Amino acid sequence: MSKKTKLLLNLICLGILCLFLWWAQNNLDGYKVQVLNLIAVNAILAVSLNLIYGFTGMFSLGHAGFMAIGAYVSALLILPASQKEVMYILEPIIWPFSVMHAPFFVSVLAGGAVAAVLGLFIALPVLRLGGDYLGIATLGFAEIIRVIFTNITPITNGALGLKGIPAYANLGWNYFWCILTFYVIVKLLSSNFGNTLRAIRDDEVAAKAMGINTFRAKAISFAIGAFFAGVGGALQGSLITTIDPKMFNFQLTYNILMFVVVGGLGSITGSVVGAVVITILLEWLRLVEDTITIGSFQIPGVPGMRMVIFSVILLFIILKRREGIIGGYEFSWDSVTRLFNRKGDK
Amino acid sequence: MEPVLKTNDVTIKFGGLTAVGNLNIECAEGSISSLIGPNGAGKTTVFNIITGFYKPTSGKVLFMGKDITGLKPHEVCKAGIARTFQNIRLFSGGTVLQNVMTACWVREKSQWWMGPFMVPSFVREEREMREKSMKLLEAIGLADIANDVATGLPYGEQRRLEIARALATEPKLLLLDEPAAGMNPQESGELMDFIKKIRDEFHLTILLIEHDMKVVMGVSEWIRVLDYGNLIAEGTPDEIRANPRVIEAYLGKEAAAKC
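Chains as they are written, first to last, in my numbering: chain V, 1 to 346; chain G, 1001 to 1259.
See below:
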């Protein structure tokens, strides 16, 4: 298949997605639109963690920390000055945070950029560690960020958090950022630089011997992952319109890790599938917490039942398919044509 | 003429143990030489010192007249030294082609961020790298399996791929760590021709570690024998074969006396 056909097919898919989003915005109720929004944000987060863990092989648990940075930076930039002044009741907000203001796009970009810079800063000491130790160190850093945010009241409003963040993150923005994330990460991974990242994951010693500056490549990968985690955090902040430090505890990181692992480590397709399936499943399973009537038989709803069922499903997926729903498979137009050709042969 | 590789009194100590002591070796340009010795003699340690994985306690490593002691492994590779490993270390997740292309990265001028921006020079260089890798695979005879998963190949082909990958970094000096390990006599016979062929085609200087004496004697022009980290003998294959100290190191004193 020629490059032109592929580009055309990609554009057609993009067009269909836009049409669908436009239709959804006008015809679906607020709840369903919110689920669609969450899917986009979760997909961004899953893909960014997959770059760090699935493709470069760095077991990082710092995503919640990067999200917190993105969310706070972006929120402080889009909140109107007057609203900020009223909100900070514990301690007044200090300059320049009290007056800074930026359009939504710039604020999300800034959120990602600050997260990336901090990611780089963290990367320098901790990337010397490998495997599980890196996981523990990054987990610690995420917690440090959370505790700092709780305590720098003049900037973050402490434990009260920020409320009334303008809800700019609609379907359009969320999917715009989602597609931008895919584009950047897929392009990086399909270039030779992506090969060097996979090489580091597969065998770091051999990668060094083949002239790859493994430390530099790892730091870059980590910073890009942190950037998109920051973007995801910024979008989530504007989507929920309220943020506080407690939101960004380690459980959030585990949720993202779950999207990645259930979808399939080292597969972008897997991360998307993981984010879509788990986000929808978590919402859909709310059914079991309501009273269910089958004929004359009534099952009383049990609060929390949905998490029990969800955990059982997760266990089942991981036991039956350890490599994730998708495994190492990656979607491409070539594989689609191959599939059709094979069917034609039969 | 300036030797390609020269070590000046290289010594490395791990705690109280001197793994390599006062080693002086020289590799002339275009030569194939071997480093042999019993297990634990320090041969791979010498490789690790040359390629920057270990920093010698004292002494210097000179490559083309330049001091490369203490450089990081990737800097040594960039300077022009490539190596293979005793236990094959391929990038297991990648295809044969990806393995070779990864090694091309060290010679690429493009930067990582150019991919998403589709910088024309980047696109061109990526295409050139792909072509260069395919050409290399053709020369090595692995072109028809370029898209197979690397670790699914038979053992002998994995060895050859590892050498191809090392060649992709455009080295002047190639270090082969037991290239014939685990090969049957036919495969090791082919390997000897292969080593000579790549030396001529790619204008290489080759230093190899090997236990298979047939390969060592058949391929090397110069042999050095290491025992307990010290150089105990060096010479042409015939000289080494007759050297009583070498026989002693390999077979023990009694056997040496009987010879």
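From the three backbone atoms N, C-alpha and C, an ideal C-beta is built for every residue, glycine too. Note that the structure is predicted; figures quoted are calculated from it, not measured.
- Against G:P1073, the close residues of chain V are K208 and A209, in the order they occur along the chain (beta-carbon pairs closer than 7 angstroms).
- Each of G:N1147, G:V1106, G:W1222 and G:D1148 was checked against the Cα of G:M1129, and the nearest Cα belongs to G:V1106.
- Taking V:V86 as the centre and dropping the five residues before and after it, the same chain places no C-beta closer than 7 angstroms to its C-beta.
- G:F1085 belongs to the set of residues whose beta carbon lies under 8 angstroms from a beta carbon in chain V.
- Within chain G, the residues whose beta carbon sits less than 7 angstroms from that of V:K187 are G1115 and P1116, listed in sequence order.
- Bounds of any beta strand (DSSP E) do not take in G:V1004, whose DSSP letter is neither H nor E.
- Judged by DSSP secondary structure, V:R322 falls outside any alpha helix (DSSP H); it is assigned neither H nor E.
- With contacts defined as CB atoms closer than 8 angstroms, V:F59 and V:L127 fail to qualify as a contacting pair.
- In the three-state reduction of the DSSP assignment, G:R1245 falls in the helix class, which pools H, G and I.
- Taking a Cβ-Cβ cut-off of 9 angstroms, the neighbours of V:A199 in chain G comprise F1091, G1093, G1094, Q1098, N1099, T1102, A1103 and W1105, given in sequence order.
- For the region 1163 to 1175 of chain G, residues whose beta-carbon sits nearer than 7 angstroms to a beta-carbon of chain V comprise R1165 and T1169.
- Under DSSP, V:W173 takes part in no beta bridge, so it has no partner.
- At a C-beta separation below 7 angstroms, V:S191 has these neighbours in chain G: G1115 and E1126.
- As summarised for the region 2 to 60 of chain V, the continuous alpha helix (DSSP H) elements at least 4 residues long and confined to that stretch are 3 to 27 and 30 to 49, given in chain order.
- Within the region 1158 to 1190 of chain G, the complete beta strand (DSSP E) segments of 3 residues or longer fall at 1173 to 1177, listed in chain order.
- Relative to G:I1012, the option among G:I1223, G:G1070, G:F1117 and G:N1039 whose CA is nearest is G:G1070.
- Shown here for V:P303: same chain residues with a beta carbon closer than 7 angstroms to its own, the five before and five after excluded, namely E289 in chain order.
- Three or more beta-carbon pairs separated by less than 8 angstroms link the region 138 to 147 of chain V to the region 61 to 69 of chain V, which places the two stretches in contact.
- Between V:G264 and V:I325 the beta-carbon gap is near 6 angstroms, inside 8 angstroms, which marks them as a contact.
- Counting only Cβ-Cβ distances below 9 angstroms, V:I220 has contacts in chain G at W1112 and W1113, in chain order.
- Under the criterion of beta carbons closer than 8 angstroms, V:G237 and V:G112 do not qualify as touching, at roughly 12 angstroms.
- For V:Q298, there is no enclosing alpha helix (DSSP H); the residue is part of the beta strand (DSSP E) that begins and ends at F297 to I299.
- Those residues of the region 1042 to 1053 of chain G placed with their C-beta closer than 9 angstroms to a C-beta in chain V are T1051, G1052 and F1053, ordered along the chain.
- Using a Cβ-Cβ distance cut-off of 8 angstroms, the region 1148 to 1162 of chain G and the region 1052 to 1067 of chain G are not in contact, since fewer than three pairs of beta carbons, one from each stretch, lie closer than that value.
- In terms of Cα proximity to G:E1162, the closest of G:G1189, G:Q1186, G:D1212 and G:I1195 is G:I1195.
- Taken in chain order, the whole alpha helix (DSSP H) runs of length 4 or more contained in the region 220 to 246 of chain V number zero.
- By the C-beta density criterion, G:A1166 is buried, having at least 16 other C-beta atoms within 10 angstroms.
- For V:A113, the enclosing alpha helix (DSSP H) starts and ends at F104 to V126.
- Residue pairing from DSSP places G:C1027 in a beta bridge opposite G:L1005.
- As summarised for the region 177 to 216 of chain V, the continuous alpha helix (DSSP H) elements at least 4 residues long and confined to that stretch are 192 to 202 and 204 to 209, given in chain order.
- Looking at the DSSP output, G:S1033 sits in a beta bridge with G:L1207 and G:W1222.
- Take the alpha-carbon of G:L1208 and the one of G:G1235: they are about 15 angstroms apart.
- In the structure shown, the three-state DSSP call for V:T293 is strand.
- At a beta-carbon threshold of 8 angstroms, none of the residues of chain V lie near G:K1055; the nearest stands roughly 14 angstroms away.
- About 5 angstroms separates the beta carbons of G:V1216 and G:S1034, which is inside the 8 angstroms limit, making them a contact pair.
- For the pair G:F1085 and G:T1051, the Cα-to-Cα distance works out to about 12 angstroms.
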